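*Asks:* One structure coming up, written as structure tokens, with questions to follow.
Residue numbers (my numbering): 29 to 275.
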């Protein structure tokens, strides 16, 4: 009898196990609607929240561009040795005097001054930088600023009028050139060192000067002119840079 009861128990257990396994095979995955049109998602056991990745954001520079400082007249700096050659400087009046032009006509220097500015260049045919400046002053200064009240005056030192006239013709000069063959007028301005360039106000007072001609001195000359005339910085000068020794 005991053996028969065990058989019935084993049969019942087997039926229960089979019934459980059959139920699990017939289970369907549970679906839940998503937020896009009610389409079913995958098994609810999976995450319904889509994975997102933070996209990099471009940094925007909101800082305002730096405001350029206004230009000022360059400060005249030189060695004590060069300063000793100068008889007049910034703030002094350019000495007046009578000089002759290449046609032997006499002029009082102040009569040739410009309404706003005057550039006076002392030059000699014996210095390549001096003759280079003689030529550059026409396209860089005399022509572009003529209508704005600026005048250029060239003063030749030490050459005969014939030699000076030939150099002026070769350089294509388009401003008055005076001659000082004996250097008597120049002796009131300096003892030596050519070329020399002076920028004068309407009263003949020296605003800026230099005792050489180079790329730096040319830039400072043009900067002085712009400051006095109230102009914005301009493109590069029309003439080539005089950094290399002129031929």
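C-beta: ideal position from N, C-alpha, C; glycine also.
Computed from a predicted structure; not experimentally measured.
Excluding the 5 residues flanking residue 216 on each side, which residues of the same chain have their C-beta closer than 6 Å to its C-beta?
*Replies:* As a position in the chain shown, residue 216 is number 188, starting the count at 1. So the qualifying residues of the chain are 123.
*Asks:* Alpha carbon to alpha carbon, what distance is there between residue 92 and residue 65?
*Replies:* Taking the chain shown and counting its residues from 1, one reaches residue 65 at position 37. Taking the chain shown and counting its residues from 1, one reaches residue 92 at position 64. Confidence at residue 65 is low in this model, with a pLDDT of 49, below 50, so the placement of that residue should be treated as unreliable; the coordinate-derived value is given next. Their backbone Cα atoms lie some 48 Å apart in a straight line.
*Asks:* Along the chain, where does the alpha helix (DSSP H) that runs through residue 251 open and close?
*Replies:* For the purposes of this step, residue 251 is taken as residue 223 along the chain shown, with counting starting at 1. Segment 243 to 257, the alpha helix (DSSP H) holding residue 251.
*Asks:* Rounded to a whole number of angstroms, what is the C-alpha to C-alpha distance between residue 117 and residue 198?
*Replies:* Working through the chain shown from its first residue, we reach residue 117 at position 89. Working through the chain shown from its first residue, we reach residue 198 at position 170. Roughly 31 Å separates the two Cα atoms.
*Asks:* Could you pull out every unbroken alpha helix (DSSP H) segment of at least 4 residues lying fully inside the region 188 to 241, listed in chain order?
*Replies:* DSSP runs (the alpha helix (DSSP H)) wholly in the region 188 to 241: 189 to 199.
*Asks:* Under three-state DSSP, which class holds residue 144?
*Replies:* Translated into the one-based positions of the chain shown, residue 144 becomes position 116. Reduced to three states, the DSSP call for residue 144 is coil.
*Asks:* Counting only the same chain and skipping the five closest in sequence on each side, list residues whose C-beta sits under 7 Å from that of residue 191.
*Replies:* Position 163 of the chain shown holds residue 191. These residues qualify, in order along the chain: 153.
*Asks:* Going by the beta-carbon positions, is the gap between residue 170 and residue 130 smaller than 7 Å?
*Replies:* In the chain shown, counting from the first residue as 1, residue 170 sits at position 142. In the chain shown, counting from the first residue as 1, residue 130 sits at position 102. Against a cut-off of 7 Å, the Cβ pair of residue 130 and residue 170 comes out as no contact.
*Asks:* Less than 7 Å separating the beta-carbons of residue 161 and residue 223?
*Replies:* As a position in the chain shown, residue 161 is number 133, starting the count at 1. As a position in the chain shown, residue 223 is number 195, starting the count at 1. Yes, the pair counts as a contact, with Cβ atoms nearer than the cut-off.
*Asks:* Cα-Cα, which of 155, 240, 163 and 177 is closest to residue 187?
*Replies:* Within the chain shown, numbered from 1, the residue matching residue 187 stands at position 159. Closest option to residue 187, Cα to Cα, is 155.
*Asks:* Work out the CA separation of residue 104 and residue 182 for me, nearest whole Å.
*Replies:* Taking the first residue of the chain shown as position 1, residue 182 is located at position 154. Taking the first residue of the chain shown as position 1, residue 104 is located at position 76. Whole-angstrom Cα-Cα distance: 21 Å.
*Asks:* Give me the Cβ distance between residue 256 and residue 145, rounded to the nearest whole Å; I'm assuming they're in contact under 8 Å.
*Replies:* As a first step, residue 256 must be located in the chain shown, where it is residue number 228. As a first step, residue 145 must be located in the chain shown, where it is residue number 117. Going by Cβ atoms, the distance from residue 256 to residue 145 rounds to 6 Å, so yes, they are a contact pair.
*Asks:* For residue 137, which of helix, strand or coil comes out of DSSP?
*Replies:* If you number the chain shown from 1, residue 137 lands on position 109. Reduced to three states, the DSSP call for residue 137 is helix.
*Asks:* Pick from 109, 253, 229 and 220: whose alpha carbon is nearest that of residue 150?
*Replies:* Start at 1 with the first residue of the chain shown, and residue 150 comes out as number 122. Comparing Cα-Cα distances from residue 150 to each of 109, 253, 229 and 220, the minimum goes to 220.
*Asks:* In whole angstroms, what separates the C-alpha of residue 245 from that of residue 134?
*Replies:* Taking the chain shown and counting its residues from 1, one reaches residue 245 at position 217. Taking the chain shown and counting its residues from 1, one reaches residue 134 at position 106. Using only the alpha carbons, I get a separation of about 31 Å.
*Asks:* Can you grab the Cα-Cα spacing for the pair residue 236 / residue 157, in whole Å?
*Replies:* Start at 1 with the first residue of the chain shown, and residue 236 comes out as number 208. Start at 1 with the first residue of the chain shown, and residue 157 comes out as number 129. Residue 236 and residue 157: Cα-Cα distance of roughly 19 Å.
*Asks:* Determine which residues share a DSSP beta bridge with residue 182 and list them.
*Replies:* Walking along the chain shown from the start, residue 182 turns up at place 154. Its beta-bridge partners are 149 and 205.
*Asks:* With 16 as the cutoff for other CB atoms within 10 Å, does residue 107 come out buried or exposed?
*Replies:* Here residue 107 is taken as the residue at index 79 of the chain shown, counted from 1. It is exposed - the Cβ of residue 107 has fewer than 16 other Cβ atoms within 10 Å.
*Asks:* Measuring only the C-alpha atoms, how far is residue 258 from residue 196?
*Replies:* Mapped onto the chain shown, residue 258 falls at position 230. Mapped onto the chain shown, residue 196 falls at position 168. Spanning the two alpha carbons is a distance of roughly 31 Å.
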